[in-house]
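Just below is one structure, and these are the notes that go with it.
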Ligand SMILES: Cc1cc2nc3c(=O)[nH]c(=O)nc-3n(C[C@H](O)[C@H](O)[C@H](O)COP(=O)(O)OP(=O)(O)OC[C@H]3O[C@@H](n4cnc5c(N)ncnc54)[C@H](O)[C@@H]3O)c2cc1C
Ligand SMILES: NC(=O)c1ccc[n+]([C@@H]2O[C@H](COP(=O)([O-])OP(=O)(O)OC[C@H]3O[C@@H](n4cnc5c(N)ncnc54)[C@H](OP(=O)(O)O)[C@@H]3O)[C@@H](O)[C@H]2O)c1
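Numbering (our numbering), first residue to last: 1254 to 1749.
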């Protein structure tokens, strides 16, 4: 492996904080730069009181709604500030608390100040302090968006190519954007995946959006139930955002009840009946020209029945900076919901100088730590174990695609209940191995019995499990194979 001495980290959220700390601790890398488009570290946890406004595109994917910017032909350059939507504001709303017990959510060397579930400013402050505590704040390059990553071909380095980054810093004082380029031996993608909102396509929805502007928002723009005083609300989705926002709307004296909630599947926190004030609806089949909303069971809500519709239907990862032409392929396969060529959700077989932190849906901050330490060790040449050969990495991916197709689970969801999280973290733990005798490098964390107990027993919302399968109705049996999907089974950390 050619020497990797300079590393760019994209993003200063919890993933970027963990990565900066792990790479700095190796004391091996000459240059570590953490590029963050926001004015401060914190990522998702930065609170934007003024909610973002953006066009909603039913079924729209990041390459349609978050395209690359046009880069000045000659660099460096100073231009007028960018006006294209980059989705950099966050979805944090008033009253949001964490949903993972503090002992399991915090990074292993520093606890949150209290717990188990803390208000949103605690993780924000924690991430900022984490950079300073480890002396990594000097690595931060703020207000700076990575706009392009292109591979620099160099036969002497084989697959271990270097990268040219095109960077745009918004200079708020002068009201201009400054553009320049820098080269790095390796790049960590720690850019998060809850920026670009997704709303599913439904017949008539594009026309409804045009006809009734402002009636539909995405949960990314939700801040407080006070905005919906005396309004009749339809909420779509019942995962973490949908469930929590429903809870806020129900507790609010301002919002008109009942609140309607359209559900695709049963969430972990739902019993057989909705709580008082909530009416469950199935998925929406159609929006008709007169503004009627038609649900899958044939029931309807007319134009007069609803004032506001909140889509809490999640997000799609976006990599607008990835130069597909220069790099030869796309990074993310949207129909299949997976980062292509990602081994163990962290390493990229055909791009060994590209690392992923924060990609899978599993224990959040803590998993970022294992991923970061493993990458830092690997690139400093100090990993206790090598990565398997590319062919084996590819086999892992193929087998996972097949297994996930059969089970109906998402490629990057790592379950807790089945022991998958343990196996995943153990893999990274073993690969990393111990630090040097002189203390150089971080020690991969342990996941002790107290932490495991907290994960399994301390809940923001209690889990209500039906006994699967409750009826023939809950079973989906594939005609050609002997496997079944039990419709109501969800991992107890699936909301993370
Ligand atoms: C509403 C909400 C509530 C959540 N609640 C919880 C919870 O209770 N518990 C929990 O464990 N997890 C929760 N999560 C998940 C949360 O996203 C993770 O905990 C974690 O903060 C993700 O960190 P990250 O660094 O990977 O991503 P992010 O926090 O998204 O950070 C990525 C950073 O990269 C920057 N960036 C992106 N693109 C570029 C670019 N091109 N150039 C420069 N910078 C860039 C972004 O500005 C951002 O600062 C929640 C998520 C949301 C949306
Ligand atoms: N700390 C907190 O309390 C808190 C609060 C909010 C968000 N978060 C975090 O934010 C992240 C994103 O969560 P999220 O809830 O926004 O997104 P999400 O978990 O991706 O959930 C998307 C939801 O949309 C539903 N959906 C999709 N298509 C639908 C349709 N056509 N009709 C009805 N429902 C549909 C999904 O149902 P199916 O699952 O059935 O497909 C799911 O309930 C997670 O990390 C979460 O933990 C945390």
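All residues carry an ideal CB built from backbone N, CA and C; glycine is no exception.
Source: prediction; values computed, not measured.
TODO: Would you identify the three-state DSSP class for residue 1509, choosing helix, strand or coil?
DONE: In the chain shown, the residue the question calls residue 1509 occupies position 256. Strand.
Open item on the list: Rounded to whole angstroms, what is the Cα-Cα separation between residue 1572 and residue 1268?
Closed with: Here residue 1572 refers to the residue found at position 319 of the chain shown. Here residue 1268 refers to the residue found at position 15 of the chain shown. Straight-line Cα distance between these residues: approximately 16 Å.
Task: CB of residue 1481 within 9 Å of CB of residue 1344, strictly - done: Walking along the chain shown from the start, residue 1481 turns up at place 228. Walking along the chain shown from the start, residue 1344 turns up at place 91. Going by C-beta atoms, residue 1481 is not nearer than 9 Å to residue 1344.
Open item on the list: Does residue 1750 pass the burial test, meaning 16 or more other C-beta atoms within 10 Å, or should it be called exposed?
Closed with: An answer regarding residue 1750 cannot be provided, because it is not within the stretch 1254 to 1749 covered by the chain.
Open item on the list: Let me check you understand the geometry: is the CB of residue 1352 closer than 8 Å to at least one non-hydrogen atom of ligand 2?
Closed with: Locating residue 1352 in the chain shown gives position 99, counting from the first residue. True, at least one ligand heavy atom lies under 8 Å from that Cβ.
Open item on the list: Excluding the 5 residues flanking residue 1517 on each side, which residues of the same chain have their C-beta closer than 6 Å to its C-beta?
Closed with: Here the question's residue 1517 lines up with position 264 in the chain shown. Same-chain partners within the cutoff: 1536.
Open item on the list: Using only the alpha-carbon positions, how far apart do residue 1441 and residue 1415 sit?
Closed with: Along the chain shown, read from residue 1 onward, the residue named residue 1441 stands at position 188. Along the chain shown, read from residue 1 onward, the residue named residue 1415 stands at position 162. Distance between the alpha carbons of residue 1441 and residue 1415: 12 Å.
Task: DSSP three-state assignment for residue 1737, whether helix, strand or coil - done: Position 484 of the chain shown, counted from the first residue, corresponds to residue 1737. Bear in mind that the predicted position of residue 1737 carries a pLDDT of just 42, short of 50, making it too unreliable to give a figure here.
Open item on the list: Can you tell me where the beta strand (DSSP E) holding residue 1258 begins and where it ends?
Closed with: Position 5 of the chain shown, counting from 1, holds the residue named residue 1258. First-last for residue 1258: undefined, no H or E at that position.
- [ ] Closer than 6 Å by C-beta to residue 1587: which residues in its own chain qualify, once you throw out the five before and the five after it? Chain order, please.
- [x] The count along the chain shown starts at 1 and reaches residue 1587 at position 334. Excluding residues within five positions, the ones whose Cβ falls inside 6 Å are 1314.
Open item on the list: Starting from residue 1764, trace the alpha helix (DSSP H) in both directions and tell me its first and last residue.
Closed with: An answer regarding residue 1764 cannot be provided, because it is not within the stretch 1254 to 1749 covered by the chain.
- [ ] Starting from residue 1436, trace the alpha helix (DSSP H) both ways and give me its first and last residue.
- [x] Start at 1 with the first residue of the chain shown, and residue 1436 comes out as number 183. From DSSP, residue 1436 is part of no alpha helix (DSSP H) but of the beta strand (DSSP E) over 1429 to 1437.
TODO: Report buried or exposed for residue 1337, applying the criterion of at least 16 other Cβ atoms within 10 angstroms of its Cβ.
DONE: Residue mapping note: residue 1337 aligns to position 84 of the chain shown, counting from 1. Burial call: exposed.
Open item on the list: Beta-carbon within less than 6 Å of residue 1746's beta-carbon, same chain only, minus the 5 sequence neighbours each way: which residues are those?
Closed with: As a position in the chain shown, residue 1746 is number 493, starting the count at 1. So the list reads 1669, once near-sequence residues are dropped.
- [ ] Leaving aside the five residues before and after residue 1371 along the sequence, list all residues of the same chain whose C-beta is less than 8 Å from its C-beta, in chain order.
- [x] Taking the first residue of the chain shown as position 1, residue 1371 is located at position 118. Close CB contacts of residue 1371 within its chain, under the 8 Å cut and outside five residues either way in sequence, are with 1350, 1351, 1355, 1365 (chain order).
Open item on the list: Please state the DSSP three-state secondary structure of residue 1269.
Closed with: If you number the chain shown from 1, residue 1269 lands on position 16. DSSP places residue 1269 in helix when its eight states are reduced to three.
Task: Any non-hydrogen atom of ligand 1 within 8 Å of residue 1446 CB - done: Numbered from 1 along the chain shown, position 193 holds the residue referred to as residue 1446. In this structure, residue 1446 has its beta carbon less than 8 Å from a heavy atom of ligand 1.
Open item on the list: So, for residue 1381: in the same chain, excluding its five sequence neighbours on each side, which residues have a beta-carbon less than 7 Å away from its beta-carbon?
Closed with: As a first step, residue 1381 must be located in the chain shown, where it is residue number 128. For residue 1381, where only same-chain residues beyond five positions count, the Cβ hits under 7 Å are 1293, 1294, 1295.
Open item on the list: Using C-beta distances below 6 Å, list every residue in its chain close to residue 1353, excluding the 5 sequence neighbours before and after it, in chain order.
Closed with: Here residue 1353 is taken as the residue at index 100 of the chain shown, counted from 1. Answer for residue 1353: no residue qualifies.
Open item on the list: Among the candidates 1691, 1692, 1671, whose CA atom is the shortest distance from the CA of residue 1709?
Closed with: As a position in the chain shown, residue 1709 is number 456, starting the count at 1. Among 1691, 1692, 1671, the Cα nearest to that of residue 1709 is on 1671.
TODO: Compute every distance between the C-beta of residue 1667 and the non-hydrogen atoms of ligand 1, then say whether any falls below 8 Å.
DONE: As a first step, residue 1667 is located in the chain shown; it is residue number 414 there, counting from the start. The answer is no for residue 1667.
TODO: Please classify residue 1557: is it buried, with 16 or more other beta-carbons within 10 angstroms of its beta-carbon, or exposed?
DONE: As a first step, residue 1557 is located in the chain shown; it is residue number 304 there, counting from the start. That one is exposed.
Open item on the list: Following a CB-centred definition, is residue 1491 positioned closer than 8 Å to any heavy atom of ligand 2?
Closed with: Position 238 of the chain shown, counting from 1, holds the residue named residue 1491. Residue 1491 Cβ: within cutoff of ligand 2.
- [ ] Check whether the region 1615 to 1632 touches the region 1269 to 1283, taking contact to mean three or more Cβ pairs, one atom from each stretch, closer than 8 Å.
- [x] Yes, they touch.
- [ ] Check each candidate in 1718, 1562, 1439, 1390 and name the one with the smallest Cα separation from residue 1413.
- [x] The sequence position of residue 1413 within the chain shown is 160, counting from 1. Comparing Cα positions, the closest option is 1439.
Task: Neighbour-count burial assignment, residue 1401, 16 or more Cβ in a 10 Å radius - done: On the chain shown, position 148 is the one that residue 1401 refers to. When all chains shown are included, residue 1401 counts as buried.
Open item on the list: According to DSSP, residue 1482 sits in a beta bridge with which residue or residues?
Closed with: Taking the chain shown and counting its residues from 1, the one referred to as residue 1482 is at position 229. Answer is 1508.
Task: Contact under 9 Å by Cβ, residue 1751 with residue 1594 - done: Outside the displayed range of the chain (1254 to 1749) lies residue 1751, so it cannot be described from this structure.
TODO: For residue 1678, I'd like the list of residues in its chain whose CB is within less than 6 Å of its CB, leaving aside the five on either flank, ordered along the chain.
DONE: Here residue 1678 refers to the residue found at position 425 of the chain shown. Result list for residue 1678: 1623, in chain order.
- [ ] Measure the C-alpha to C-alpha separation of residue 1346 and residue 1406 and round it to an integer number of angstroms.
- [x] Residue mapping note: residue 1346 aligns to position 93 of the chain shown, counting from 1. Residue mapping note: residue 1406 aligns to position 153 of the chain shown, counting from 1. One C-alpha to the other measures close to 44 Å.
- [ ] Please name the residue, chosen from 1546, 1663, 1561, that lies closest to residue 1555 on a Cα-to-Cα basis.
- [x] Translated into positions along the chain shown, residue 1555 becomes position 302. From the listed residues 1546, 1663, 1561, the smallest Cα separation to residue 1555 is found for 1546.
Open item on the list: At a cut-off of 8 Å, would you count residue 1621 as near ligand 2, judging by its Cβ distance to the nearest heavy atom?
Closed with: Your numbering for residue 1621 matches position 368 in the chain shown. Result no, Cβ not under 8 Å from ligand 2.
Open item on the list: So, under 8 Å CB-CB, residue 1598 and residue 1584 are touching, yes? Tell me the CB distance rounded to an integer number of Å.
Closed with: Taking the chain shown and counting its residues from 1, the one referred to as residue 1598 is at position 345. Taking the chain shown and counting its residues from 1, the one referred to as residue 1584 is at position 331. Not confirmed; about 13 Å, so no contact.
- [ ] Could you tell me whether the Cβ atoms of residue 1581 and residue 1461 are closer together than 9 Å?
- [x] For the purposes of this step, residue 1581 is taken as residue 328 along the chain shown, with counting starting at 1. For the purposes of this step, residue 1461 is taken as residue 208 along the chain shown, with counting starting at 1. No, the Cβ-Cβ distance between residue 1581 and residue 1461 is not below 9 Å.
Open item on the list: If I measure Cβ to Cβ from residue 1256 and keep anything under 7 Å in the same chain, skipping five residues before and after, which residues do I get?
Closed with: On the chain shown, residue 1256 is found 3 positions in, with the first residue counted as 1. Correct list: empty, nothing qualifies.
Task: Contacting residues, own chain, Cβ-Cβ under 8 Å from residue 1530 (five flanking each side not counted) - done: Locating residue 1530 in the chain shown gives position 277, where the first residue counts as 1. Counting only Cβ-Cβ distances below 8 Å, and skipping sequence neighbours, we find 1503, 1510, 1511, 1512.
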